[in-house]
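>
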Amino acid sequence: GLSGDDFLVLGLRNGSVVYSYNLGSGTATLISQPLDLTLSIHVIHLGRSLRAGWLKVDDHKNKSITSPGRLVGLNVFSQFYVGGYIEYTPELLPNGSKFENGFQGCIFDIEVRTGKDHRFKSPGTPAGHPNAGRSVGQCEDSPCSLIKCRNGGMCMESGSTVYCDCPTGWKGAFCTETVSVCDPEHNPPHLCRKGATCVPLPDGYTCHCPLGTTGTFCEQALSISDASFRSNESSWMSFASFHIRHKTHIQLQFQPLSADGILFYTAQHLSPRSGDFLCISLVSGFVQLRYSLGDKIVILQSLQNVCTNGSTWHFLKAGRIGNEGYLDLDGINITQKASAGMTALDINTDFYVGGVSSLNLVNSMAIENEPIGFSGCIREIIINHRELKLTEADPKDGSNVGDCDGTVCGYTVCKNNGKCQVQNSGFSCFCPQPWTGNTCEQFVYCSHNGCLHQALCIPDPILFSYSCACTLGWSGRYCDNEISFSTAKFAGNSYIKYMDPHYGKRDLRFTSVSLNFTTSQSEGLILWMGKAENEDNDFLAVGLTNGTLKVVVNLGEKISVPLIHSKHSLCCKRWHFVTIAQNQTSIKVYLDEYLVLFEDIDPQRKYIALNYGGICYFGGFELGRKVNTVTSGLFSRQLVGKIKDVVLFQDSKTIQLIKAEGYNVYDGDRD
19 GLSGDDFLVL GLRNGSVVYS YNLGSGTATL ISQPLDLTLS IHVIHLGRSL
69 RAGWLKVDDH KNKSITSPGR LVGLNVFSQF YVGGYIEYTP ELLPNGSKFE
119 NGFQGCIFDI EVRTGKDHRF KSPGTPAGHP NAGRSVGQCE DSPCSLIKCR
169 NGGMCMESGS TVYCDCPTGW KGAFCTETVS VCDPEHNPPH LCRKGATCVP
219 LPDGYTCHCP LGTTGTFCEQ ALSISDASFR SNESSWMSFA SFHIRHKTHI
269 QLQFQPLSAD GILFYTAQHL SPRSGDFLCI SLVSGFVQLR YSLGDKIVIL
319 QSLQNVCTNG STWHFLKAGR IGNEGYLDLD GINITQKASA GMTALDINTD
369 FYVGGVSSLN LVNSMAIENE PIGFSGCIRE IIINHRELKL TEADPKDGSN
419 VGDCDGTVCG YTVCKNNGKC QVQNSGFSCF CPQPWTGNTC EQFVYCSHNG
469 CLHQALCIPD PILFSYSCAC TLGWSGRYCD NEISFSTAKF AGNSYIKYMD
519 PHYGKRDLRF TSVSLNFTTS QSEGLILWMG KAENEDNDFL AVGLTNGTLK
569 VVVNLGEKIS VPLIHSKHSL CCKRWHFVTI AQNQTSIKVY LDEYLVLFED
619 IDPQRKYIAL NYGGICYFGG FELGRKVNTV TSGLFSRQLV GKIKDVVLFQ
669 DSKTIQLIKA EGYNVYDGDR D
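Read in the working numbering, the sequence shown has 111 at position 93, and its numbers run on one by one without any break.
1) Taking residue 584 as the reference, which of 540, 621, 627, 409 has the closest Cα?
2) Per DSSP, what kind of secondary structure is residue 426 in: helix, strand or coil?
3) What would DSSP say about residue 351, mapped onto helix, strand or coil?
4) Three-state secondary structure (DSSP) at residue 378?
5) Taking the Cβ atom as the reference point for each residue, do residue 274 and residue 393 lie within a distance shorter than 8 Å?
6) Identify, in the order they occur along the chain, each residue of the same chain with its Cβ nearer than 8 Å to the Cβ of residue 101, setting aside the five sequence neighbours on each side.
7) Quick check on the DSSP output: the beta strand (DSSP E) that includes residue 284 runs from which residue to which?
8) Have a look at residue 253 and residue 348 and give me their C-alpha separation to the nearest angstrom.
9) Going by beta-carbon coordinates alone, are residue 328 and residue 299 separated by less than 8 Å?
10) Report the rounded CA-to-CA distance for residue 265 versus residue 366, giving the unit in angstroms.
11) CB of residue 644 to nearest heavy atom of the ligand GTP: below 7 Å?
12) Would you give the residue range spanned by the alpha helix (DSSP H) that residue 647 belongs to?
13) Residue 434 by DSSP, collapsed to three states: which one?
14) Consult DSSP for residue 161 and reduce its assignment to one of helix, strand or coil.
15) Excluding the five sequence neighbours on either side, which residues of its own chain have a C-beta within less than 6 Å of the C-beta of residue 510, listed in chain order?
16) Have a look at the DSSP bridge pairing and note the partners of residue 528.
17) Under a Cβ-count criterion, where at least 16 other Cβ atoms within 10 Å of its own Cβ denotes burial, should residue 437 be classed as buried or exposed?
18) Work out the CA separation of residue 93 and residue 610 for me, nearest whole Å.
19) What runs of the beta strand (DSSP E), each 3 residues or longer, lie entirely inside the region 138 to 225?
20) Does DSSP classify residue 417 as helix, strand or coil?
21) What's the gap between the Cα of residue 458 and the Cα of residue 434?
22) Is residue 544 helix, strand or coil when you go by DSSP?
23) What are the complete beta strand (DSSP E) segments, minimum 3 residues, inside the region 286 to 357?
24) Check for me: the beta strand (DSSP E) holding residue 267 runs from which residue to which?
25) Report the rounded CA-to-CA distance for residue 471 versus residue 478, giving the unit in angstroms.
26) Find out if the Cβ-Cβ distance for the pair residue 311, residue 353 is shorter than 8 Å.
27) Taking only the alpha-carbon atoms, compute the straight-line gap between residue 282 and residue 650 and give it to the nearest angstrom.
28) Does DSSP put residue 456 in a helix, a strand or coil?
29) Is the number of C-beta pairs between the region 378 to 390 and the region 289 to 309 that are closer than 8 Å three or more?
30) Does the separation of the CB atoms of residue 661 and residue 559 fall below 8 Å?
31) Within 10 angstroms of the Cβ of residue 562, are there 16 or more other Cβ atoms? Answer buried if so, exposed if not.
32) Using the Cβ count rule (16 or more neighbours within 10 Å means buried), how would you classify residue 258?
33) Taking the C-alpha atoms as reference points, what is the distance between residue 549 and residue 150?
34) When we look at the beta-carbon of residue 373 and count the other beta-carbons within 10 Å, is it buried (16 or more) or exposed?
35) Taking a contact to mean a Cβ-Cβ separation below 8 Å, would you say residue 675 touches residue 665 in this structure?
36) If you count every other CB in all the chains shown that lies within 10 Å of the CB of residue 547, and 16 or more means buried, which is it?
See below:
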């Protein structure tokens, strides 16, 4: 196909080897140096793992690349073609894979493997036997008559397989490369443990240890509670990234030992020409925030420098909303006002903490000097209210990270200002009032609570007691009374999360929802259709602001201008019937069967479907998730009121709210 089918292709163009592949989100291409035509035979090694690809031709240096986008699988279902293609016309090949004609020359040997631990073998079933072909003959010359193995290597020929058997100390296609102490061919082999990376040095080698290990050969287990980084040992951690496109808020506590180093880095691509990026680093003792959204570089620098004595913890808040940035070091704040230009940060790399896996791939504009890793300790990093846990188990990857004080006691091991003390078997926490538990995670009032049926214990320090947050279908002081209802009553600390069982069959271009509600407050969230995980999730939201009906829709690019019907106050305690109908980008809102709002939120029709993930929240969100935070200020409070008769997509039946997930929802049919 012509429009982006997955492919992997290798060929010659203008005297160089060209290797390209497309995983469905863009083509990655590697081009070798021009071939040395004095060599009669050329050897090519190529491959890919997920998005990463590599190419090595003869004794040239290895080249590598990362394919664009997030897709990581090569989904191909055709035959494995060698030397040409079954079709005569290259126009039938996907874009990016075309060559003007088939190969002319000899191919002596092809071996393939599909996993690091798999053996190389010839393609075909059985191996080496093609299914079909056209106009292929036998090469006239013996391969070994054409190959010159260097440095005492011997040419070995077996059928179509040919290679140079190199003496000790040499490797490569023609035995022209010396064996490094870290190469598997080296005798004796290096002693770095499995999972560690051997790095050659002028006088030997060193081992870069994976997270959770330490020692000369990474032979010792290590527990990390407060992460310690050393720039001279190339320390770093990485975490799977999440959406920070429209806003990025980073909170970080660090204790530096050096005046320079990268604290945090993420980018569109891990490459010197990375595209968008955001970086927090130390520069000559000052904290710098740098970011590029695609059109210009924004730089903010702290007014004061940090202490590098290894005993001072600094508290940093930094980030951006659109292209407006801020940086606050130990309470002293500077800002960069918003300006015309791009406002979205597009990133595809991991979040890197304390350094980057390959410092040479950091964008040169992201730091003022040469990129180096951070030296010192980091004990907390929170991004958009989500904590990255700096332990040996939680990061996605990392290397050479130690523990700040070498003990199991860390900044967040004991919660709620508990004091951690090292014990022979681990640690213990001394908890202040009114906390208890192994890590001071539990209110003392809840330590022996009587809440039943998966209810949550909610402490009440003022009354030295607790209350129970009951799951749906239960009520009473201890959630011991079973209830049933068709009208759900919300008390301002309630929510229902309903999973639409028919979501996979819905036509998301045409969404409709209707319900009856009543409320005793002028503010409150009634309905949120959407995952509510990050700022880029699609959603349809209905609620009250200043007593008036408010409807907000996001179909994928940006939040629409809120639709507000301000003619009538909907408070208090009267029942109202509301229907919202989405026809692609057209939104109609009916209140008590009158059309009160009608607007096309995007006449360009860039996005036309409501991908809400099959999730509907009623009255609020999970306990601990504040409505104002989750909705980015669109709504301020949970609902105090009632909801009934909910219908999705013109279904013939109302949904049964009592069969969903939720807490603190009462029987609204009684009063």
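Even for Gly, the Cβ is constructed at its ideal location relative to N, Cα and C.
Let's see:
1) 540
2) coil
3) strand
4) helix
5) yes
6) 120, 121, 125, 154
7) 279 to 285
8) 25 Å
9) no
10) 16 Å
11) With respect to small molecules bound, the structure shown includes none, and the ligand GTP cannot be examined in it.
12) 645 to 648
13) coil
14) helix
15) 656, 658
16) 601
17) exposed
18) 52 Å
19) 172 to 176, 179 to 183, 215 to 219
20) strand
21) 6 Å
22) strand
23) 295 to 301, 304 to 310, 315 to 323, 332 to 339, 342 to 347, 350 to 354
24) 265 to 274
25) 20 Å
26) no
27) 24 Å
28) coil
29) yes
30) no
31) buried
32) exposed
33) 50 Å
34) buried
35) no
36) buried
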